[in-house]
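K.L.:
Protein chains in written order, with my numbering: chain A, 57 to 545; chain B, 738 to 1760. Let me give you the structure first, and then I'll get to my questions.
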């Protein structure tokens, strides 16, 4: 009898365990981290999400590469022609829907957009003082990322103030360029109304950044009169003036100078790995632009990317100090000195990008080739002056006087004579000046396309095709395969 | 479940008979009339039994001496049933069994015999592993079991191996579940286990492993540690060996003269100035000679085992140490083990089994298997420069000797594994078992980075210059401090706690219907946490002061502090019902239900059923082949699961990276890490197996299996649309269930044991496996998942793609070398130069298109089509000899250790490059200029097939009477060699190449740390 009782109790014990289970045992929560859906409960949460949204600005090195390499200014370079092959294809205008670098541009900027949208979809969750400034910065950043997308790829999907679920992706269409631009203008106008001309911290977005980018966006749409009005505000109301010495403009010590309107901020303190360039806190461009196996003074070792062409070098007036400030002529530099370096298998022109290049003293530990603390000067006052000059010159009716005044400020700094022409001659002069002033900074390709000069200047450029880059084929597939590829790709 | 309930109900009504007892005594001997120690003599139908002593003697009480039957069993012998027939003294002789058909084998939550078992499994005896003197169990298993592929991930001491049971079935973790005496022992931690402690290994290959449910999809390996025998005096064994190791192979590289000639030509072809004005540089530096060294290894093992009537014990202790053939003590691995295995009958119905395994290990490691590893640097270092040079011409190749000298990377592990198990016999037929298992590991790591200088521009430099001045770091705007020598220290603890409770029930109806049932629960929890940080400015640039506390000294600072913690849990219930009709038919049903904290509430539980059956065809009357004494047909089908994904993948957490720089300081923001997928569920493997076990000519055993293993709903992290925003730093796509993989194969195991004779005995076994692996489906919208990269920043060379093996190689196919401009003009490669590789225009469009997939093709995969293992052992009087061979055929290897760089050294095949005077049709011209020859093509893919003599040994056992006055019962001395001969066409160091980074990196050779060739001499003494 005792045995029977024991057996029955064992049986019931198992029955309980088998069927009741202990559901709560499996309900465990991760430690020291928060759920995405249960956030934005205090001002610090907003601030941290905003910092996360800024993070993607650091992908700017890719635009410094593609903006130059796609144009007549530079070749891809590197160790071999299969080293970052996408850049070599872009150099040759043989790029198509399979291109890692273009795909990165597409993905990284959407990551930025999504982080901005994550903050903005929660903008009404709580109220606190200073929230409007956080919202304004997020709007600027969303506009910045969308502007990158629209000028690279044309029509792109437009997602605003929400995140898409995995199953919603296949429903979304490419929005017409005009809609994307309209959203960018709205965001920048809102942000400009909230933010001040100066920010409490170095690296924060200001009213000047918002208006300058808005002016640039208007210029890209050939809305010259509106662009002129906006850019005039930056020139007249803003606290900006050109730095006297052009040759030291791109050094770490000259960051945050009077010419700075909008910098992408970098630090050399963290290091990183080649496996994830987007994870870096340092600027990848200077190290990659550096001289291969370099052993000598002034410069550091690098990977010989993005090498300026002879054509660019020759385009400068001999007396223009910007020539050597922008381009390093390696053979002239080493002449007679005990300096060694190697040419990369990916191409060699004898020239290096002298604005963003690894210099001794601008450290990015632990792999000095990889990161640099040098900020990317995304928008500087000289660029605004030249954009304003172009807007005044090309608006109807034009104001060539204002255009010449702005152009003169830029040329005076580098002791170049004043331009006195007007009309389309002045237009040409402003365009040329843009490259003297801004070469090596990632603007050239987009300027050539915007101004219709691309076919004339870029070998292999096909009109009706290369004005925009192809949407990465895999992105078309991943979105359900119904987007039409850009023409002729 | 219902079956189980029925069987329990039947028991409830069962009453054991008790009547008068008679004592029966006797002896058990083998066919040579030698007494058998430790044979089990059990009164049939009861749990009443005894173990024979060293004279083979036993005595048992039987209730009814007339009708009682004794069941006598001993490992390695056929179990015999002896009717007592009223006798009180018995002499019983057992005959040896080559396969051990009746041998008890451990299966999940119970035992079975080979005769009854309905699944596909393979057993390996511990002594067969021990004999190889290989420190890791997985490596020792290579070639021992059909269907199990073992690859070495690193030949360095303490380096890992990968175990693949019946192929790669998932994109993620393919490691089988490894249980040591029922305790989960992860394969990464397998270094800790001493092969000398192992009694036997049982590999469950088919769906009958499904009793382990969600962990069983990759197969299960059950390891049993050594146990003592009842009624035996303490038996002391001591064994030791000493080994000398050397590299088995050197690559054929250019010497200084050849190098200078070729580099001049290469530069000239690229339109550059030839760098060497004088090429008469002789042999130059042989960097391989400088790096490879002879290294020692040694081992000591002591064990004591024995038992009283109620208690058995086995206690062991061991010490093992091995230096590396690269790096010597900088690659040393040292392990100490202690083990206690105790079984005791606490009362007639209550038994305690206690296992305790302790390991202390220390491993020094060098950078391995990648760009920048010691061997990669060695292969590419220039022969024209001396051993103290900086190899300045290539920034990412550093002097490998300096590299070894400045590497201090040590990890320490203390591991405690054990179980306490109480089994209570409720009745003779019903046993209730509760056990508590634990696996605790403390893992410390210490990496000291002295200030070191590898030459100008080298990224590995930690110092500013040759004088070892420190670099400076900006801690705040304008504030620079020295960044001196540093030490990274980390400590992590991992604890598995597992409680399991189950009942086993076994009964028969008139010895016709046999029913066996098991039901139970398992509660499993794993916790881990760790802390780490780097302290800078270690005093004196010396390892002596390399402690994290140095950050408190003047000038010191702490950086990169990090921590982690995780927890995961499993809650499982399982039942198994087995039915046997006489000795002919066996059927088994297994159902396991698992709940895992890795999945969200929507799909937290999974149910995994398996059915299997066998038919003992040789027991049928119509079976008339007298040569075949035993024939069994088996079949099984079942579903098992896989939950090997990161924790909390179903939730979206704010663990992405969202850092930006404000006021020149890096500010930590937040970002969404992995996107959420609340519907995430199990990956399931459906496996069908059909097989047969035969015994032919009495002494030959043959096992054949055919299997189809389909894995569905693969746990994947495929790329998703950019618009979802998961491509930011620290952000990842959601893990989803998508994709199918299939493995099909045939396995054969053949064994032969000679008839036992006095002077000469021999045995041999052969196993073969054929395997076909295919990806059947990839996630929608994803054509393929990219894998390993070729060269530096080069093409993606491996993929996961529908219709191909996992990680197959994709690249250009070559068709010789262009011999003339006319040939180029008529080709699809108009930009080529004479002497360049000619590629095959796969799509026939008249152009080799380098920017898309159209001209790429399948270049093979790292998965062998066939693997073979062959073992032979023989003894003549006191002498014994054994050999173990392993062969893998059909796999390919990517030669990825050649730095495609103007100054890097090259393999000697480049001497036969194309030149105008040597119109090679195999090797392209050399050039520093732009060339498509460096694109990934079959030029860089080699046949990885090999045959290896893994172990060969000759031993001599001293005559027993020689040392008997020292109480020594047996002494054996031996001489052995591991990896003595490898036959292969592969140019690299070692074709037995695993994977360093998951299934898609398999077969990519970055200058793999090869397995050493070792010569060992050893001694084992039994007291």
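By construction, the Cβ of each residue, glycine as well, lies at the ideal position given by its N, Cα and C atoms. Computed from a prediction, not measured in an experiment: that's the story for all the values here.
1. Along chain B, which residues have their Cβ under 8 Å away from the Cβ of residue 304(A)?
2. Please check the pair residue 298(A) and residue 475(A), which I expect to be a contact at CB under 8 Å, by giving their CB distance rounded to whole angstroms.
3. Taking Cβ positions only, does residue 222(A) come closer than 8 Å to chain B?
4. Where does residue 1753(B) fall in DSSP's three states?
5. Classify residue 836(B) as buried or exposed, calling it buried when 16 or more other Cβ atoms lie within 10 Å of its own Cβ.
6. Kindly say whether residue 152(A), judged by its beta-carbon, lies nearer than 8 Å to any beta-carbon of chain B.
7. Just to confirm, are residue 1273(B) and residue 1293(B) a CB contact at a threshold of 8 Å?
8. Pull up the distance between the alpha-carbon of residue 841(B) and that of residue 812(B), whole angstroms please.
9. Distance, Cα to Cα, residue 1431(B) vs residue 1544(B)?
10. Whether or not the region 1045-1052 of chain B and the region 1075-1083 of chain B are in contact is what I'm after, with contact meaning three or more pairs of Cβ atoms, one per stretch, closer than 8 Å; do they touch?
11. What do you get for residue 1696(B), buried or exposed, if any count of 16 or more other CB atoms within 10 angstroms of its CB means buried?
12. Which chain B residues are close to residue 89(A), counting only those with a beta carbon under 7 Å from its beta carbon?
13. DSSP three-state label for residue 1340(B), please.
14. So, is the C-beta of residue 830(B) closer than 8 Å to a C-beta in chain A?
15. May I have the straight-line CA-CA distance separating residue 1572(B) from residue 1509(B), to the nearest angstrom?
16. Please check the pair residue 1761(B) and residue 1542(B), which I expect to be a contact at CB under 8 Å, by giving their CB distance rounded to whole angstroms.
17. Would you report the Cα separation of residue 1022(B) and residue 928(B), rounded to the nearest angstrom?
18. Quick one: what's residue 1219(B) bridged to in DSSP?
19. Please list, in chain order, the chain B residues whose beta carbon lies closer than 8 Å to that of residue 323(A).
20. Out of 80(A), 168(A) and 86(A), which one is the CA nearest neighbour of residue 1463(B)?
21. Throw me the rounded Cβ distance for the residue 1507(B) and residue 1434(B) pair, which I believe falls under 8 Å.
22. Between which residues of its own chain and residue 1526(B) is the CB-CB distance below 8 Å, once the five residues before and five after are set aside?
23. According to DSSP, simplified to helix, strand and coil, what is residue 1242(B)?
24. Taking only beta-carbon atoms, is residue 262(A) less than 8 Å away from chain B?
25. From the DSSP output, in three-state form, read off residue 1526(B) for me.
26. Relative to the C-alpha of residue 691(B), which candidate in 1146(B), 1758(B) and 1679(B) has its C-alpha closest?
27. For residue 1170(B) versus residue 1239(B), is the C-beta spacing smaller than 8 Å?
28. At the 8 Å Cβ level, is residue 1637(B) part of the contact set with chain A, yes or no?
29. Report the CB separation of residue 1304(B) from residue 910(B) in whole angstroms; it is logged as a contact under 8 Å.
30. For the alpha helix (DSSP H) holding residue 444(A), just list the boundary residues, first then last.
31. Please compile the residues from chain B whose C-beta is within a distance smaller than 7 Å of the C-beta of residue 458(A).
32. Using only the alpha-carbon positions, how far apart do residue 403(A) and residue 391(A) sit?
33. Return the bridge partner residues of residue 1352(B) from the DSSP annotation.
34. Quick one: measure Cβ to Cβ for residue 1411(B) and residue 1471(B), integer angstroms, because I've assumed they're closer than 8 Å.
35. Taking the alpha carbon of residue 95(A) as the reference point, which residue from 521(A), 177(A), 378(A) and 292(A) has its own alpha carbon closest?
36. How would you label residue 510(A), buried or exposed, when you count the other beta carbons within 10 angstroms and need 16 or more for buried?
P.N.:
Concretely, from the data shown:
1. Indexing the first chain from 1 puts residue 304(A) at position 248. The contacting residues do not exist; residue 304(A) stays about 17 Å from chain B at best.
2. In the first chain, residue 298(A) corresponds to position 242, counting from 1. In the first chain, residue 475(A) corresponds to position 419, counting from 1. The Cβ separation is near 17 Å, so there is no contact.
3. On the first chain, position 166 is the one that residue 222(A) refers to. For residue 222(A), the answer is yes, since a Cβ of chain B falls inside 8 Å of its Cβ.
4. If you number the second chain from 1, residue 1753(B) lands on position 1016. Strand at residue 1753(B).
5. Here residue 836(B) is taken as the residue at index 99 of the second chain, counted from 1. In this prediction, residue 836(B) scores a pLDDT of 47, lower than 50, which makes its location untrustworthy; the coordinate-derived value is nonetheless stated afterwards. Looking at its Cβ environment, which holds 16 or more other Cβ atoms inside 10 Å, residue 836(B) is buried.
6. Along the first chain, one-based indexing puts residue 152(A) at 96. Interface residue, yes.
7. Counting from one through the second chain, the residue named residue 1273(B) turns up at place 536. Counting from one through the second chain, the residue named residue 1293(B) turns up at place 556. Result yes, Cβ atoms of residue 1273(B) and residue 1293(B) sit closer than 8 Å.
8. Locating residue 841(B) in the second chain gives position 104, counting from the first residue. Locating residue 812(B) in the second chain gives position 75, counting from the first residue. One C-alpha to the other measures close to 8 Å.
9. Taking the second chain and counting its residues from 1, one reaches residue 1431(B) at position 694. Taking the second chain and counting its residues from 1, one reaches residue 1544(B) at position 807. Answer to the nearest angstrom: the Cα atoms are 37 Å apart.
10. yes
11. Residue numbering aside, residue 1696(B) sits at position 959 when the second chain is read from its first letter. Exposed, by the Cβ-count rule.
12. The residue you call residue 89(A) lines up with position 33 of the first chain. Within chain B, the residues near residue 89(A) are 1390, 1391 and 1392.
13. Along the second chain, read from residue 1 onward, the residue named residue 1340(B) stands at position 603. Residue state, collapsed to three classes: helix.
14. Taking the first residue of the second chain as position 1, residue 830(B) is located at position 93. Chain A, which has no Cβ nearer than 8 Å to the Cβ of residue 830(B), makes this no.
15. For the purposes of this step, residue 1572(B) is identified with residue 835 of the second chain, where counting begins at 1. For the purposes of this step, residue 1509(B) is identified with residue 772 of the second chain, where counting begins at 1. For residue 1572(B) and residue 1509(B), the distance between alpha carbons rounds to 38 Å.
16. Because chain B here runs from 738 to 1760, residue 1761(B) falls outside it and cannot be looked at.
17. Within the second chain, numbered from 1, the residue matching residue 1022(B) stands at position 285. Within the second chain, numbered from 1, the residue matching residue 928(B) stands at position 191. For residue 1022(B) and residue 928(B), the distance between alpha carbons rounds to 36 Å.
18. On the second chain, position 482 is the one that residue 1219(B) refers to. The partner list for residue 1219(B) (beta bridge, DSSP) reads 1209(B).
19. Your numbering for residue 323(A) matches position 267 in the first chain. Simply 1398, 1401, 1402 and 1403.
20. Residue mapping note: residue 1463(B) aligns to position 726 of the second chain, counting from 1. Nearest of 80(A), 168(A) and 86(A) to residue 1463(B), Cα basis: 168(A).
21. Residue mapping note: residue 1507(B) aligns to position 770 of the second chain, counting from 1. Residue mapping note: residue 1434(B) aligns to position 697 of the second chain, counting from 1. The C-beta separation of residue 1507(B) from residue 1434(B) comes to about 25 Å, leaving the pair out of contact by the 8 Å criterion.
22. To locate residue 1526(B), count along the second chain from 1; it is residue 789. Excluding positions up to five away in sequence, the list reads 1532, 1533 and 1534.
23. The residue given as residue 1242(B) occupies position 505 in the second chain. Residue state for residue 1242(B) is assigned as strand, using DSSP reduced to three classes.
24. The count along the first chain starts at 1 and reaches residue 262(A) at position 206. Output row for residue 262(A): interface = no.
25. By 1-based counting over the second chain, the position of residue 1526(B) is 789. Residue 1526(B): strand per DSSP, three-state reduction.
26. Because chain B spans 738 through 1760 in this model, residue 691(B) falls outside it and cannot be assessed.
27. As a working mapping, residue 1170(B) is identified with position 433 in the second chain. As a working mapping, residue 1239(B) is identified with position 502 in the second chain. Against a cut-off of 8 Å, the Cβ pair of residue 1239(B) and residue 1170(B) comes out as a contact.
28. The residue labelled residue 1637(B) in the question sits at position 900 within the second chain. Taking Cβ atoms only, chain A reaches closer than 8 Å to residue 1637(B), which makes this a yes.
29. By one-based count along the second chain, residue 1304(B) stands at place 567. By one-based count along the second chain, residue 910(B) stands at place 173. That belief does not hold up - the Cβ atoms of residue 1304(B) and residue 910(B) are roughly 18 Å apart, past 8 Å.
30. By one-based count along the first chain, residue 444(A) stands at place 388. Unbroken alpha helix (DSSP H) run through residue 444(A): 437-450.
31. Residue numbering aside, residue 458(A) sits at position 402 when the first chain is read from its first letter. Near residue 458(A) there are no residues of chain B at all, since even the closest Cβ is about 36 Å away, more than 7 Å.
32. Indexing the first chain from 1 puts residue 403(A) at position 347. Indexing the first chain from 1 puts residue 391(A) at position 335. Note on geometry: alpha-carbon atoms of residue 403(A) and residue 391(A) lie some 21 Å from one another.
33. On the second chain, residue 1352(B) is found 615 positions in, with the first residue counted as 1. Answer is 1322(B) and 1370(B).
34. Counted from its first residue, the second chain places residue 1411(B) at position 674. Counted from its first residue, the second chain places residue 1471(B) at position 734. The pair is a contact, with the Cβ atoms about 6 Å apart (cut-off 8 Å).
35. In the first chain, counting from the first residue as 1, residue 95(A) sits at position 39. The shortest Cα separation from residue 95(A) among 521(A), 177(A), 378(A) and 292(A) belongs to 177(A).
36. By one-based count along the first chain, residue 510(A) stands at place 454. So residue 510(A) counts as buried.
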